[in-house]
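Below: the structure, in structure tokens.
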Ligand SMILES: [Zn+2]
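Residue numbers (this note's numbering): 48 to 395.
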């Protein structure tokens, strides 16, 4: 098993989080990564520092104008006048404006909600989060030996900020670049079929949108019912893909308040779908926000449950890239990640 993380992912430090009619304390803090990094250390696993693979794999998924916005928004924002807030945060949502003139129009186009502000160093972290994921994908593309031995071919990326809510051309839900989509697309150079299994508390509507018309990338997600729960505009069972992609988007929404047995009942359904698809590579979007005491949780997964989850993924006997994304019960991230990693390391 290989673990990847880049320290520049710590630089992004949101100051605002506007959600459900209220300005809230940011939950997506740099300390999240500090805690996550303790887990591989405790287990004696080396954390690999990713190298720069470049912008091309990112632009294979995201619009150039959007990527340019993420990169330059902060300096353009601060140059408007001295009254501007300390980070780019729109209060106007108009995705169809042409965004030709002015940073506020660009923010209105490219920021989909109040939970993806852009500060001075955000782009650096966003970029290295994508590179962290891409390094795992590149290892799989370049290493013939590791492609053959499936059991040992598990790569875990500690990414921050997360990605699964990011659209082709919009940030939202603490996400900016869609790392799962970027690596799925990158892996398609060599592999025919990629399955993305998402067990974060929230539906990854960005991944769904990006692959909605395609059958070469399966997206299957277990998540809290989107009725009055983020991302609210997507994640229902009837959203099954479009055209030749029909049937390759499988949403399994859980009723709010689902217990741990219920969570695994739904995860098993998701895994059954994935087995039928028989992918060459699995990308697992892992959220620790399903943990029972997480401020975002609408279900009741225990620390031990993360070990069970890893065992289920390992049992599929395929190359796996795990992207650690959500999880806001900061004091438990180390313990929960250790439990998850131990499910890959230990024999049953
Ligand atoms: Zn989440």
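Glycine residues also receive a C-beta, built at the ideal position from the N, C-alpha and C atoms.
Contact annotation, residue 342 with residue 376: C-beta distance approximately 7 Å; criterion of less than 8 Å satisfied. Scanning its chain for C-beta atoms nearer than 6 Å, with the 5 sequence neighbours on each side dropped, one finds around residue 157 the residues 113, 116, 217, in chain order. For the pair residue 363 and residue 99, the Cα-to-Cα distance works out to about 30 Å.
Residue environment: residue 66 is assigned as exposed (fewer than 16 neighbouring CB atoms within 10 Å of its CB, all protein chains considered). Membership of residue 68 in any alpha helix (DSSP H) is not indicated, and neither H nor E is assigned to it by DSSP.
One Cα belongs to residue 253, the other to residue 92, and the distance between them is close to 31 Å.
Just measuring C-alpha positions, the residue of 160, 174, 74 sitting nearest residue 68 is 160. Taking C-alpha positions only, residue 307 is separated from residue 386 by approximately 15 Å.
DSSP links residue 201 through a beta bridge to 367.
Chain-ordered, the residues whose CB falls short of 7 Å from any heavy atom of ligand 1 come out as 247, 248, 249, 334, 336, 343, 372, 373. Residue 301: member of the beta strand (DSSP E) spanning 296-301, first to last residue. Non-local beta-carbon contacts of residue 133 in its own chain, meaning distances under 8 Å to residues more than five positions away in sequence, involve 62, 166 in chain order. In chain order, 57, 60 place their CB closer than 6 Å to the CB of residue 77, counting only its own chain and leaving out the 5 sequence neighbours on each side. A direct Cα-to-Cα measurement between residue 361 and residue 149 gives close to 49 Å. Residue 273 and residue 89 have their C-alpha atoms spaced approximately 36 Å apart. Taking one beta carbon from each stretch, the stretch 318-337 and the stretch 276-284 have fewer than 3 pairs nearer than 8 Å; the two do not touch. For residue 305, the beta-bridge partners assigned by DSSP are 346. The Cβ-Cβ distance between residue 246 and residue 388 does not fall below 9 Å. For residue 260 and residue 290, the gap between their C-alpha atoms comes out near 6 Å. Beyond the five residues adjoining it in sequence on each side, residue 305 comes within less than 6 Å, by CB distance, of 346 in the same chain, given in chain order. With a beta-carbon spacing of about 5 Å, residue 241 and residue 231 fall inside the 8 Å limit used to define contacts.
Around the C-beta of residue 71, fewer than 16 other C-beta atoms lie within 10 Å, and the residue is accordingly described as exposed. Runs of the alpha helix (DSSP H) lying entirely within the stretch 128-174, each at least 4 residues long, are 150-157 in chain order.
Residue range 264-271 is occupied by the beta strand (DSSP E) that includes residue 266. Assignment of residue 210 by DSSP, reduced to helix, strand and coil, places it in the coil class.
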